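These notes concern the structure reproduced below.
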Amino acid sequence: MTDWVYFQLRETLTQLSWTADRQIAWLNGRLPVDELALDYDGIYPAIWSLREAGWISPELDAVLAEINRLLTVLTDEGDDAWTEEALKANPRWAETRRLASHARALMVNAESSRAAPHASPGPPPPADPPPSRTDPP
0 MTDWVYFQLR
10 ETLTQLSWTA
20 DRQIAWLNGR
30 LPVDELALDY
40 DGIYPAIWSL
50 REAGWISPEL
60 DAVLAEINRL
70 LTVLTDEGDD
80 AWTEEALKAN
90 PRWAETRRLA
100 SHARALMVNA
110 ESSRAAPHAS
120 PGPPPPADPP
130 PSRTDPP
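Under numbering that gives the first Met the number 0, the residue at position 76 of the sequence shown is numbered 75, and the numbers go up by one with no gaps.
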């Protein structure tokens, strides 16, 4: 489960760090702006597993908490904070993007200093490839 949470968090932070124009293009008029926050809202409570595994530094944990706080403030601002115009003009969205970008950088730095988790470990490869029908016995 920890690998899944890690990769979901990283993907969500990537989307939150995009420029307003890229976020709007991703939404493509089909999805509401709050879709950007819904994935984060869904994954944030599960990061305890990453803390337990030692995959989240105290600095990253603080940045993630601040992103969560900003998204809550945006929610409290009401519908006006959840428009394409707000993505471009609301300073809280700009700060959310900045923090998400910083969080992604912290994750990348941590990955480079340790073996990054694998998205889908699957079974280990066989020790030797199976013989083909043309291999001599």
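We treat Cβ as the ideally placed atom computed from N, Cα and C, and that holds for glycine. Fair warning: this is a prediction, and the values are worked out from it, not measured in the lab.
C-alpha distance - Leu26 paired with Asn108, whole-angstrom precision: 29 Å
Going by alpha carbons, who is nearest to Asp75 out of Asp20, Asp33, Ser48 and Thr18? Asp33
Give the straight-line distance between the Cα atoms of Asp93 and Ser56, rounded to the nearest whole angstrom. Note on residue identity: the sequence assigns Ala, not Asp, to residue 93. If you take the alpha carbons of Ala93 and Ser56, they lie about 24 Å apart.
Could you tell me how far apart the beta carbons of Gln7 and Leu35 are, in whole angstroms, since I believe they sit closer than 8 Å? That belief does not hold up - the Cβ atoms of Gln7 and Leu35 are roughly 14 Å apart, past 8 Å.
Rounded to the nearest angstrom, what separates Ile42 and Val62 at their Cα positions? 15 Å
Taking only the alpha-carbon atoms, compute the straight-line gap between Leu69 and Ala99 and give it to the nearest angstrom. If you take the alpha carbons of Leu69 and Ala99, they lie about 11 Å apart.
Nonlocal neighbours in the same chain, by C-beta distance under 6 Å from Thr71, ignoring five residues either side: none
Could you compute how far the alpha carbon of Arg9 sits from the alpha carbon of Gly28? 24 Å
Terminal residues of the alpha helix (DSSP H) in which Asn108 lies: Pro90 to Ser112
Which same chain residues, not among the five before or five after Val4, have their C-beta less than 7 Å away from its C-beta? Ile42, Ala45, Ile46, Ser48 and Leu49
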